[in-house]
Structures are given as structure tokens and as C-alpha cells.
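A.B. asks: Have a look at this one.
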Ligand SMILES: Cc1cc2nc3c(=O)[nH]c(=O)nc-3n(C[C@H](O)[C@H](O)[C@H](O)COP(=O)(O)OP(=O)(O)OC[C@H]3O[C@@H](n4cnc5c(N)ncnc54)[C@H](O)[C@@H]3O)c2cc1C
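Numbering (the numbering used here), first residue to last: 993 to 1279.
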């Protein structure tokens, strides 16, 4: 591992750290705690030409089986949030829960749709996370990234946001933090909104998953197509299509990543055979 003064973990156990609870291990993980630490860490990794991937809560990723030679830059300790004139500036490792707690304390509204999404801010900005037509892109003013090891502030217009898509999927940027634009609101109304989003999510499947596996194709819901193709309950080894929400794959019996990938392939083929629609993964495959 690179000699650098930040918390390290060797190896990094994917089954332990990911919400899907499967996979082998990465060679190791670094946990920078400040902008200065992540800047020097990324500079050192780039300088040494060491492959790495930046990860938050690992709630939308399928790790590989076996031992990966890629290092993980975890943003879990890169937390910190401050109030600004028109919202907040938060670091990439801030979780949705911590963000919403701070916003409520500061009487700031607009991010409540993130309630219950088990993300870090960095993961949400990368994935353009959201629900029911509300996405993080809409409340983002600018995103601070490490691009080629240098800190750069990107206006939201330069982040290439579209449905479950961002420029970060096509760049090697490391998201460090973001300015979010929020409105003043009283705490009672904020609590009501949070409650509304929590209630909406109560029906989601429990257990180890990556959330929705597929993006919704234009004009259709991936979950309905999968259900319509009769795939609820379809199983490969320890991985099964949820009976509650067909766009979720649940790891209920120590599934391997390979079994989950096989199940994803079966779903795509069956949906295409029935509807001539090609489902596209929302989840990201880790190297
Ligand atoms: C039960 C459940 C419910 C879910 N519900 C929703 C939902 O309602 N709506 C929704 O949109 N999603 C949902 N998800 C999916 C997931 O929570 C979101 O996509 C979330 O934004 C991922 O954040 P994360 O911190 O876990 O990112 P990770 O899974 O750690 O990473 C996701 C991707 O972002 C990249 N990334 C992460 N942080 C950085 C960074 N700092 N810099 C550069 N790249 C980075 C990673 O390399 C990876 O490619 C759900 C997941 C689960 C398990």
C-alpha cells in the first residue's frame, strides 16, 4: 500500500462492507478524513499508477468475487457539513441521514426526498440518486472534485446530469463535496415531509440488496416488466428476485457475485424475449 498518513484497512472485505453482502476482497482501503488527506492520497495513487475506486456506502454496487488488485478510497470518514448563504456545503462521506439532520436543525428544506436512501453524498452525486422524479441534481449548485489529482469546482451544468446518469460515470473524478441549494422552512413542515418519504419507502424489500438493479426504461417500470415476465422468485444459488419488488435482487443465502450476475443476465434475456426491451443496469460493477 502507498505510505500515507490516513486510516488503512488491509484487505477490504466486500461482503462485510457492501449492502448486497457478497464478493471477495480488494487489496486494501484508505479512509481519508479531510480534503487535504484525500487530495494527497489521490495524488500519491495517481503518481504511483495504482488502480483505485472511490466508494461511499457500497449500496448500489456489485463487488467482484475473488481478490481484486484495485484499492478502495472510502469516503466514510470524509464527513463535515457547513451552512452557506443559500444551503449547505457537505463533504462526500456525509450520509443522507446526517445531511437531513443538519438541514432540519438549520431550518433548511429541499433534500427530504433522500430520506431512507442509504447513500453518502458522493454516491448520490455520482448516481444522481433520487426517487419519484426528484433527483439530487435538482438541488445541486456545484460539485468539488479531484480531477487528475487537482481540486476543481464544477458547476452543476457541467455535471452531465440526466436520469440516473452523470459525467462522473465517464470521468475518473473523485467527488470531494458539493454545494446544495435549499430553502428556509419551519421544522414542523420538514418533519412532515420526512415522514411522508419514510412512509413511501416502508414497502421496500428488507434484506441484503443493491436497491433497484435496473434503470426504468422510457415509459415503463423495470420492476413491472420483470414481474410481467413471471420472474419474481427466480433464483440462482443464494440470489433471488424479490417477491415484493421485482427490481430488487436479494442475497438471502450467501450468494456469490457470479450467481447475482447470472441472475441479472437471465432477467435481461427474459424481459427482452417478452417485451423486446433491453433493461440497463443501474447498479455499478466493481473491478
Ligand atoms: C435498500 C436500498 C434502497 C435504495 N433506494 C434508492 C432510491 O430510492 N433511490 C436511489 O437513487 N437509489 C437507491 N438505492 C441505491 C443507492 O443507495 C444509491 O444509488 C446511492 O446514491 C449510492 O450511494 P453510496 O454512497 O452507497 O455509493 P456506492 O454504492 O458506494 O457507489 C456508487 C457509485 O458511485 C461511485 N462513487 C461513490 N462515491 C464517490 C465519490 N466520492 N467520488 C467518485 N465516485 C464515487 C462509486 O465508485 C460507484 O460507482 C438504494 C439502495 C438500497 C440498498
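Beta carbons are placed, not taken as given, at the ideal position from N, Cα and C, and that holds for glycine. All values derive from a computational prediction rather than experimental measurement.
Which partner residues of residue 1028 appear in the DSSP bridge assignment?
C.D. replies: Paired residue(s): none; residue 1028 is not in a bridge.
A.B. asks: Give the secondary structure of residue 1216 by DSSP, where H, G and I count as helix, E and B as strand, and everything else as coil.
C.D. replies: helix
A.B. asks: Output the distance between the C-alpha atoms of residue 1027 and residue 1168, rounded to the nearest integer angstrom.
C.D. replies: When rounded, the distance between both Cα atoms is 7 Å.
A.B. asks: Taking residue 1127 as the reference, which of 1115, 1187, 1136 has the closest Cα?
C.D. replies: Measuring from the Cα of residue 1127, the nearest candidate turns out to be 1115.
A.B. asks: Determine the direct distance from the alpha carbon of residue 1039 to that of residue 1070, and round the result to whole angstroms.
C.D. replies: 22 Å
A.B. asks: Alpha carbon to alpha carbon, what distance is there between residue 1057 and residue 1015?
C.D. replies: 4 Å
A.B. asks: To the nearest angstrom, how far is the alpha carbon of residue 1232 from that of residue 1074?
C.D. replies: Those two C-alpha atoms are separated by around 42 Å.
A.B. asks: Based on the DSSP output, what are the partners of residue 1175 in its beta bridges?
C.D. replies: 1101
A.B. asks: For residue 957 and residue 1053, I'd like the C-alpha separation in whole angstroms.
C.D. replies: Past the boundaries of the shown model lies residue 957; the chain is included only from 993 to 1279, so the question cannot be answered.
A.B. asks: Give me the Cβ distance between residue 1174 and residue 1100, rounded to the nearest whole Å; I'm assuming they're in contact under 8 Å.
C.D. replies: That belief holds up - the Cβ atoms of residue 1174 and residue 1100 are roughly 4 Å apart, short of 8 Å.
A.B. asks: Could you tell me the boundaries of the alpha helix (DSSP H) in which residue 1254 lies?
C.D. replies: 1249 to 1267
A.B. asks: Hey, would you say the C-beta of residue 1116 is under 7 Å away from at least one heavy atom of ligand 1?
C.D. replies: Because some heavy atom of ligand 1 lies under 7 Å away, the Cβ of residue 1116 counts as near it: yes.
A.B. asks: Comparing the CB of residue 1050 with every heavy atom of ligand 1, is any distance shorter than 7 Å?
C.D. replies: yes
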